[in-house]
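K.L.:
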Amino acid sequence: MNEKKREPLFHIVKRSALPWYQALLIRIAAIVLALILCAVITTITTGINPIQVYESIFAGAFGSARKTWVTLQNISILLLISLALTPAFKMKFWNIGGEGQVLIGGLAAAACMICLDDKMPGGLVILCMVLASIAAGAVWGFIPAFFKAKWNTNETLSTLMMNYIATQLVAFFTIVWEVPKGSGKIGIINQDTNIGWLPQAFGSKYLLSIIVAVLVTLFMYVYLNFSKQGYEIAVVGESENTAKYVGIKVEKVIIRTMLLSGAICGLVGLLLVGGINHTVTTTIAGGQGFTGVLVSWMSKFNPLTMVFSSFLIIFMDRGASEISTNFGLNHSYADILTGIILFFIIGCEFFITYRLQFRKKAEKEEQ
Amino acid sequence: METKTAAVSMKNITKTFGPVIANDKVNLDIYKGEILSLLGENGSGKTTLMNMLSGIYFPDEGQIFINGKEEVIKSPKDALKLGIGMVHQHFKLIDVLSATENIILGLPGKLNIKEASKRIEDICNKYGFEVDPRQKIYDMSVSQKQTVEIVKVLYRGADILILDEPTAVLTPQETEKLFHVLRKMRDDGKAIVIITHKMHEVESLSDRVAVLRNGQYIGSMMTKDTNVTEMTNMMVGHAVTLNIERPDPVDPKPRIEVEGLTIRNEDGILKLKDVSFTANSGEILGIAGISGCGQKELLEAIAGLQVTESGRISYVEEDGTKEELIGMDPRKIAEKGVSLSFVPEDRLGMGLVGNMDLTDNMMLRSFRRGHSPFTNRKSPRKLAEDVVESLEVVTPGITTPVRRLSGGNVQKVLVGREIASAPTVLLTAYAVRGLDINSSYTIYDLINEQKKKGVAVIFVGEDLDVLLELSDKILVLCGGEVSGIVDARNTDKNEVGMLMTRVGGKEDHE
Chain A
363 MNEKKREPLF HIVKRSALPW YQALLIRIAA IVLALILCAV ITTITTGINP IQVYESIFAG
423 AFGSARKTWV TLQNISILLL ISLALTPAFK MKFWNIGGEG QVLIGGLAAA ACMICLDDKM
483 PGGLVILCMV LASIAAGAVW GFIPAFFKAK WNTNETLSTL MMNYIATQLV AFFTIVWEVP
543 KGSGKIGIIN QDTNIGWLPQ AFGSKYLLSI IVAVLVTLFM YVYLNFSKQG YEIAVVGESE
603 NTAKYVGIKV EKVIIRTMLL SGAICGLVGL LLVGGINHTV TTTIAGGQGF TGVLVSWMSK
663 FNPLTMVFSS FLIIFMDRGA SEISTNFGLN HSYADILTGI ILFFIIGCEF FITYRLQFRK
723 KAEKEEQ
Chain B
146 METKTAAVSM KNITKTFGPV IANDKVNLDI YKGEILSLLG ENGSGKTTLM NMLSGIYFPD
206 EGQIFINGKE EVIKSPKDAL KLGIGMVHQH FKLIDVLSAT ENIILGLPGK LNIKEASKRI
266 EDICNKYGFE VDPRQKIYDM SVSQKQTVEI VKVLYRGADI LILDEPTAVL TPQETEKLFH
326 VLRKMRDDGK AIVIITHKMH EVESLSDRVA VLRNGQYIGS MMTKDTNVTE MTNMMVGHAV
386 TLNIERPDPV DPKPRIEVEG LTIRNEDGIL KLKDVSFTAN SGEILGIAGI SGCGQKELLE
446 AIAGLQVTES GRISYVEEDG TKEELIGMDP RKIAEKGVSL SFVPEDRLGM GLVGNMDLTD
506 NMMLRSFRRG HSPFTNRKSP RKLAEDVVES LEVVTPGITT PVRRLSGGNV QKVLVGREIA
566 SAPTVLLTAY AVRGLDINSS YTIYDLINEQ KKKGVAVIFV GEDLDVLLEL SDKILVLCGG
626 EVSGIVDARN TDKNEVGMLM TRVGGKEDHE
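Residue numbers (this note's numbering), protein chains in the order written: chain A, 363 to 729; chain B, 146 to 655.
Below you can see the structure in the form of structure tokens.
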């Protein structure tokens, strides 16, 4: 009938909770759609067969045993940073200072390697590095937390500013410790003695970070979901008034949580300097302090989901380098593809929460 | 009635949310020049129905006729075009803008604040609103903000007005003022729908009532032909008794002694001045007063949440020893062995965590128990199940976030948790605000049960009739001072009302 035609084509309806397998299905569909769109765009803009592009993305990440190990190691590092940021975000404390906390942890580790190498046995140096980097990261987390707790300063600004301080400190010490003089970089530290180089786990130089990442993932999952402190974090994040009402000391929780957050970031700095690069530069964190924010949010602060999110991001990143060399495409091209995929993944959350209800055809015929 | 035209006619409206049927084939007519009260328990679908009229939801089935013509309302914009305006329970205003700016926000055409202000003033003069068009929203009281919302829909040409629980946040005086303008608007030929739980408001204001129950339309009648009992029975679906019990106190002994309590807020404004009183065990001490007269500060001070300037708050143990509560936070108070329960005004913002499920909310009070670093969810889960069962909480399950529950059920969860710890002192602030009549009586019963167990109850209320029926003593606050403490059995609304508006109003009266 006439009036039915004026009913909107569709309207948006909130879903009641979706069973997990349906939600998963929607997400998989989103990734498939994203890949199809990427393929279409690739063919149109470059004329290259998209299947080939996908093949070399995969080869970039898992093409050889070494590549696979590096991919896993990179995943571990990104995962660790995301995990470190998560308790803060769950508390609604916007810690975007992961970058600085990692850097300062790395700097502390490097300082121990450089200054203590001839003063004590290697094992002791490593112990000092562990303590120093964790403490340094924790301090970098503590400072913004303290100001927030005491005077309610904006943590977004202060954590961000702490990043710059960390970067400048590293730049300063690069000049102090540069080898050789005038080169503007520190170079590999203790290349001959290997003092302060973190030991290899089970004979593989990649495994250590991976093991640490697995342990921290499990720890964080249990900590957030089953510990009293994790519960306090959730209550403070949801409502400070409720927290005060039941006698939770909000200031204490903020400071404690940021100490933890910073400490884990410091640990990542240790792994990067002592275990992987054996040197420190201002770009050693590589922006992952910010990528970690994305991973943490995308996973809705669930440590187990973060494994997949960081996998996806590292996978695309590794593949990106591969296609840029194989096809002479710019590295930015892979960023475009990553962007499309992320857009679909984040966008599909809408369809998990809401349903589009289309005009009912059957009803129309009835009338 | 035949002489009036139906401004709105809703026919066979159905709306479902997932498995929940919010409205089931509802028929409703709204007439011009009439105030219609829409009645129903919490969750009976009143707000949903009105949201469909104002374009926020779209009905799954059914038709809407405006002035006899079938219309499709796809958005609030469509609704406004048809002259339908809704004033929501939660205001939708921008704090940093002025009244005028808020009112013309989003309207097409040239921005002309001067002309708009003039038109706003015209509207205000016509109906007797008091609003300064230049005043910023953050400077306004709740009632002023509401006025801006009403003027906003009038400015946009609405002649069908829907108000969702407009009096829930108003003082009796402000309510009277609101009713005055609503009557004026009715006489001007506008159609007005008001959703409310307060029966005496229904009786004094509306011309007609329509009742919904479980999403279904039950019926409508002229207000003058019905009474509170009949309306309540229609809402609930079976006969209910509307008497508040007042058992005599058993062996009352002083439990909380407050002496010379003075409180300033963060801005240095005096909120409580030299307040002294004693709350006895086994008694209900009602606290009356215009809202914002220090009730919140008083309860929060006793609960250990408020910084005090001077004075003492002592907890008197069974054996007569006294414990000073000032300077202790809620955790310390609990550790001292003082079992103090507090049902705050802001249920989801203070008493509960909206995004957590029932179990985790039950755990709020008890999660610290034991030395293990891990939480134990076993007993909270049991408690959640018990509360759901004994207080008849309507919820899909104990893993549902509490914000999804309706107001009455949220309050049952909160009160259920607070009385589960076998308190010796129970503080409640506006315990029945926003609750339907049936839930309200459940809460009164629960409070009375605590009283019989020997709990000292401090009950901050806004409905004088209820305070007079429920309390043993009534403390009246006026501007942060104790204006009088009266025996609830030997006083009347008039005396308490006088005390509310003027310190020591009684002497003045004599």
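Even for Gly, the Cβ is constructed at its ideal location relative to N, Cα and C.
1) Which partner residues of V232 of chain B appear in the DSSP bridge assignment?
2) In terms of residues, what are the limits of the beta strand (DSSP E) holding R400 of chain B?
3) Just the Cα atoms here: how many angstroms apart are V615 of chain A and N583 of chain B?
4) In terms of residues, what are the limits of the alpha helix (DSSP H) holding M367 of chain B?
5) For I572 of chain A, which residues from the same chain have a beta carbon less than 6 Å from its beta carbon, with the 5 sequence-adjacent residues on both sides left out?
6) Helix, strand or coil: how does DSSP classify D240 of chain B here?
7) Are the segment 410-424 of chain A and the segment 685-692 of chain A touching, with three or more C-beta to C-beta distances below 8 Å?
8) Is G588 of chain A close to chain B, meaning its C-beta is less than 7 Å from at least one C-beta of that chain?
9) Give a yes or no on whether 7 Å exceeds the smallest Cβ distance from G609 of chain A to chain B.
10) With DSSP as the reference, please indicate the residues paired to P546 of chain B in a beta bridge.
11) Identify whether A336 of chain B lies in helix, strand or coil by the three-state DSSP scheme.
12) Can you grab the Cα-Cα spacing for the pair M645 of chain B / G434 of chain B, in whole Å?
13) Note down, in chain order, every chain B residue with its Cβ under 8 Å from the Cβ of T604 of chain A.
14) Decide if the segment 641-658 of chain A is in contact with the segment 536-551 of chain A; the criterion is three or more beta carbon pairs, one per stretch, under 8 Å apart.
15) List the endpoints of the continuous alpha helix (DSSP H) containing V373 of chain B.
16) Throw me the rounded Cβ distance for the I488 of chain A and L560 of chain A pair, which I believe falls under 8 Å.
17) Please work out which residues of its chain come closer than 8 Å, Cβ to Cβ, to S349 of chain B, disregarding the five sequence neighbours upstream and downstream, and give them in chain order.
18) Please identify the residue among A:V492, A:M668, A:A625 and A:V574 whose C-alpha is closest to the C-alpha of G754 of chain A.
19) What is the C-beta distance between Y607 of chain A and P221 of chain B, in whole angstroms, given that I count them as a contact (C-beta under 8 Å)?
20) Taking the alpha-carbon positions, what's the L306 of chain B to F236 of chain B distance?
21) Using the DSSP secondary-structure output, state which residues sit across from C623 of chain B in a beta bridge.
22) Under a Cβ-count criterion, where at least 16 other Cβ atoms within 10 Å of its own Cβ denotes burial, should K527 of chain B be classed as buried or exposed?
23) Return yes when the Cβ of W456 of chain A is within less than 7 Å of the Cβ of T555 of chain A, no when it is not.
24) Between F604 of chain B and chain A, is there a C-beta pair that is closer than 7 Å?
25) Would you kindly check if the distance between the Cβ of G467 of chain A and the Cβ of G499 of chain A is under 7 Å?
26) My assumption, with CB atoms under 8 Å, is that M155 of chain B sits in contact with L173 of chain B. Please give the rounded CB distance.
27) Below 8 Å, how does it come out for the segment 405-412 of chain B and the segment 372-380 of chain B: are there three or more Cβ pairs, yes or no?
28) What are the residues in the segment 154-175 of chain B lying within 8 Å of chain A by C-beta distance?
29) Which residues does DSSP pair with Q208 of chain B in a beta bridge?
30) Using the Cα positions of E442 of chain B and L315 of chain B, report the straight-line distance between them to the nearest angstrom.
31) Where does A567 of chain B sit, in a helix, a strand or coil, going by DSSP?
32) Tell me the rounded alpha-carbon separation between A470 of chain A and V547 of chain B.
33) Name the two residues that bound the continuous alpha helix (DSSP H) containing T715 of chain A.
34) Which residues in chain B sit within 9 Å of E600 of chain A, going by Cβ to Cβ distance?
35) Rounded to whole angstroms, what's the CA-CA distance from G485 of chain A to M491 of chain A? Just pull it up for me.
36) If you measure from the beta carbon of R562 of chain B to each beta carbon in chain A, is any gap under 7 Å?
P.N.:
According to the structure data:
1) B:L308
2) P399 to R409
3) 41 Å
4) It is not in any alpha helix (DSSP H) - M367 of chain B instead sits in the beta strand (DSSP E) that spans Q361 to M367.
5) L434 and S438
6) coil
7) yes
8) Per the sequence presented here, residue 588 of chain A reads as Phe, with Gly not at that position. By this cut-off, F588 of chain A is an interface position.
9) yes
10) B:D502
11) strand
12) 5 Å
13) G494, M495, G496, L497, V498 and L509
14) yes
15) V373 to V381
16) 7 Å
17) F324
18) The question about residue 754 of chain A has no answer, for chain A in this structure spans 363 to 729.
19) Not quite, the Cβ-Cβ distance comes to about 36 Å (not below 8 Å), so this is no contact.
20) 15 Å
21) B:E626
22) exposed
23) no
24) no
25) yes
26) 5 Å
27) no
28) F162, G163, P164 and V165
29) B:K156
30) 19 Å
31) coil
32) 46 Å
33) H693 to T715
34) V498, G499, N500 and M501
35) 10 Å
36) no
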